[in-house]
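Since the structure comes first, as structure tokens, the remarks are kept for the end.
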Amino acid sequence: MTVGNAPSRPRPTGVGAVLAVAVLQVVAIVVTVVLWFFHTVFAGGACAPSCDWATADAAGTLFVSAIAASILVTVTAAIVARRTGRDFAWVPLASTALVIAGYFAAVALIDAAMR
271 MTVGNAPSRP RPTGVGAVLA VAVLQVVAIV VTVVLWFFHT VFAGGACAPS
321 CDWATADAAG TLFVSAIAAS ILVTVTAAIV ARRTGRDFAW VPLASTALVI
371 AGYFAAVALI DAAMR
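So the sequence shown is numbered by my numbering: it starts at 271 and just counts up by one.
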């Protein structure tokens with residue numbers, strides 16, 4: 271085989287790195303959802319007579335929106351990494367920070383609703 275006929279190696283894509291780091295994001299989502307569940311379930315009974323339900327609903331919407339935005343950003347990074355071959359492993363880490371920040375903001379909002 272000559273150099274001109276040698277099989278070419280496939281161009282590396284960065285999607286593997288993005289998906290590997292996205293495992294941390296999935297773990298963060300699962301942990302924060304469990305924490306959110308226990309925080310809201312045990313607060314629901316004590317909150318019932320005087321709770322601002324509109325604010326409590328807004329807190330839930332904020333938390334779910336943070337998770338959805340986080341997943342959307344990571345999927346977009348995986349697509350771009352696959353097409354460009356660049357390593358965007360930092361994007362799922364930033365998305366994980368978005369999930370955690372969304373959780374803390376939602377907890378603060380629901381705690382304010384219970385007062």
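Glycine residues also receive a C-beta, built at the ideal position from the N, C-alpha and C atoms.
query, result
"Is Ser320 helix, strand or coil by DSSP?", "coil"
"Using the rule of at least 16 other Cβ atoms within 10 Å of the residue's Cβ for burial, across every protein chain shown, is Pro319 buried or exposed?", "exposed"
"Please name the residue in Gly286, Val301, Ala329, Ala287 whose C-alpha comes closest to that of Val377.", "Ala329"
"Just the Cα atoms here: how many angstroms apart are Ile341 and Arg385?", "32 Å"
"CB Ile370 to CB Ile337, shorter than 8 Å?", "no"
"Under the three-state reduction of DSSP, which class applies to Thr283: helix, strand or coil?", "coil"
"For the alpha helix (DSSP H) that Asp381 lies in, which residues bound it at each end?", "360-383"
"Taking 7 Å as the line, does the beta carbon of Gln295 fall inside it for any heavy atom of the ligand ATP?", "As far as ligands go, the structure on display features none, and thus does not contain the ligand ATP."
"To the nearest angstrom, how far is the alpha carbon of Arg353 from that of Trp323?", "45 Å"
"Relative to the C-alpha of Val288, which residue among Thr346, Leu379, Gly372, Ala383 is closest?", "Thr346"
"Any idea what DSSP makes of Gly330, helix, strand or coil?", "helix"
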